[in-house]
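Asks:
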């Protein structure tokens with residue numbers, strides 16, 4: 010990175026230092042239940058020895074993996090000092106080490122991990138290809154999950170997405186293109202929708218919308234009906250690209266992509 014990029018990255022690291030306060034822990038813990046289940050599902054019951062959480066936040070996903078038979082040893086790297094402090098306070102039995110990193114350089118040797126998972130991180134990264142190459146360097150298999158923010162007329166949602174720190178937006182095919190162009194092979198993948206439990210929490214707790222008959226009607230009838238209409242009228246291909254909320258994939262290195270001139 011250039012000196013200008015390096016200065017900007019230092020500023021980003023500082024911005025995240027105090028990000029993980031108590032007010033967002035319950036919200037993130039709820040999301041982590043579904044993220045961890047997606048990890049179990051896409052790996053289809055495989056048990057790993059050494060696993061790294063890249064961009065571990067406050068450890069909400071780590072907590073669920075620590076309780077499972079998913080792996081023997083857990084490691085974590087995180088850009089935020091407050092996140093690291095939260096992780097250390099969890100006293101996870103399988104956690105061997107947690108390190109702070111700059112968002113790009115992963116402080117471990119080549120092929121140290123059997124699996125690195127990186128869930129809901131890539132959309133925040135200014136130079137995603139740099140991070141992908143580092144993840145590939147330190148691991149034998151890789152697991153990614155990204156929100157599918159590249160909806161139709163995505164530019165209309167710029168302010169909302171940017172307020173979440175989502176500077177990259179993807180559909181399933183554009184994220185697969187990114188991975189394949191960096192020498193990854195897709196081994197297993199699927200798409201998911203936001204669970205109703207999360208929608209309710211976001212509506213009533215985060216946004217503090219008053220619970221009424223109309224809001225419940227939206228959640229239980231109007232929005233599902235709109236989704237069904239999209240599935241019918243958009244067609245399979247368009248719905249597959251724009252009808253889901255998240256994309257999860259298990260990948261492995263497939264060599265470097267040969268560029269022909």
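In our numbering, the protein residues as written are 10 to 270. The beta-carbon is built from N, C-alpha and C at its ideal position, and this holds for glycine as well.
Curious, which full-length alpha helix (DSSP H) runs of at least 4 residues does the stretch 198–224 contain?
Replies: For the stretch 198–224, whole alpha helix (DSSP H) runs of length 4 or above, ordered along the chain, are 205–210.
Asks: Distance check for residue 217 and residue 271, CA to CA, integer angstroms please.
Replies: The structure shown does not extend to residue 271, since the chain spans only 10 to 270, so no value can be given for it.
Asks: Nearest CA to the CA of residue 132: which residue from 119, 183, 102 and 125?
Replies: Position 123 of the chain shown, counting from 1, holds the residue named residue 132. It is 183.
Asks: Provide the residue span of the alpha helix (DSSP H) that contains residue 41, from first to last.
Replies: Translated into positions along the chain shown, residue 41 becomes position 32. Run containing residue 41: 34–52, per the alpha helix (DSSP H) assignment.
Asks: Helix, strand or coil, according to DSSP, for residue 238 in the structure here?
Replies: By one-based count along the chain shown, residue 238 stands at place 229. Of the three classes helix, strand and coil, the one that applies to residue 238 here is helix, per DSSP.
Asks: Three Cβ pairs or more, each shorter than 8 angstroms: is that satisfied between the stretch 59–72 and the stretch 94–106?
Replies: They touch, by the three-pair rule.
Asks: For a quick check, are the C-beta atoms of residue 75 and residue 39 less than 8 angstroms apart?
Replies: By 1-based counting over the chain shown, the position of residue 75 is 66. By 1-based counting over the chain shown, the position of residue 39 is 30. Contact: no.
Asks: From the DSSP secondary-structure annotation, give me the bridge partner or partners of residue 87.
Replies: On the chain shown, position 78 is the one that residue 87 refers to. 109.
Asks: So what does DSSP say about residue 158, is it helix, strand or coil?
Replies: The count along the chain shown starts at 1 and reaches residue 158 at position 149. Of the three classes helix, strand and coil, the one that applies to residue 158 here is coil, per DSSP.
Asks: Per DSSP, which one or two residues make a beta bridge with residue 125?
Replies: For the purposes of this step, residue 125 is identified with residue 116 of the chain shown, where counting begins at 1. Beta-bridge pairing links residue 125 to 61 and 151.
Asks: By the three-class DSSP mapping on this structure, what secondary structure does residue 257 have?
Replies: If you number the chain shown from 1, residue 257 lands on position 248. Correct three-state label for residue 257: strand.
Asks: Taking its Cβ as the centre, do 16 or more other Cβ atoms sit within 10 Å of residue 136, making it buried, or is it exposed?
Replies: As a position in the chain shown, residue 136 is number 127, starting the count at 1. So residue 136 ends up on the exposed side.
Asks: To which residues does DSSP link residue 193 through a beta bridge?
Replies: The sequence position of residue 193 within the chain shown is 184, counting from 1. Residue 193 is bridged to 262.
Asks: Considering only C-alpha positions, which residue in the set 250, 123 and 177 is nearest to residue 62?
Replies: Position 53 of the chain shown, counted from the start, is the residue given in the question as residue 62. Of the listed residues, the one whose Cα sits closest to residue 62 is 123.
Asks: By how many angstroms is the C-alpha of residue 261 removed from the C-alpha of residue 117?
Replies: For the purposes of this step, residue 117 is taken as the residue at position 108 of the chain shown. For the purposes of this step, residue 261 is taken as the residue at position 252 of the chain shown. Distance between the alpha carbons of residue 117 and residue 261 is about 18 angstroms.
Asks: Note down the Cα distance separating residue 300 from residue 223, rounded to an integer number of angstroms.
Replies: Residue 300 is absent from the model: the chain starts at 10 and stops at 270.
Asks: Whole angstroms are fine: how far does the CA of residue 149 sit from the CA of residue 198?
Replies: Position 189 of the chain shown, counted from the first residue, corresponds to residue 198. Position 140 of the chain shown, counted from the first residue, corresponds to residue 149. So the alpha carbons of these two residues sit roughly 17 angstroms apart.
Asks: Helix, strand or coil: which one does DSSP assign to residue 104?
Replies: Looking up residue 104 in the chain shown gives position 95. It is a strand residue.
Asks: Rounded to whole angstroms, what's the CA-CA distance from residue 77 to residue 191? Just pull it up for me.
Replies: On the chain shown, position 68 is the one that residue 77 refers to. On the chain shown, position 182 is the one that residue 191 refers to. Those two C-alpha atoms are separated by around 31 angstroms.
Asks: Count the other C-beta atoms from every protein chain shown that fall within 10 angstroms of the C-beta of residue 256, then say buried if there are 16 or more, exposed otherwise.
Replies: Taking the first residue of the chain shown as 1, we reach residue 256 at position 247. With 16 or more other Cβ atoms within 10 Å, it is buried.
Asks: On the CB-based measure, 16 or more other CB atoms within 10 Å of its CB, does residue 175 come out buried or exposed?
Replies: On the chain shown, residue 175 is found 166 positions in, with the first residue counted as 1. It counts as buried.
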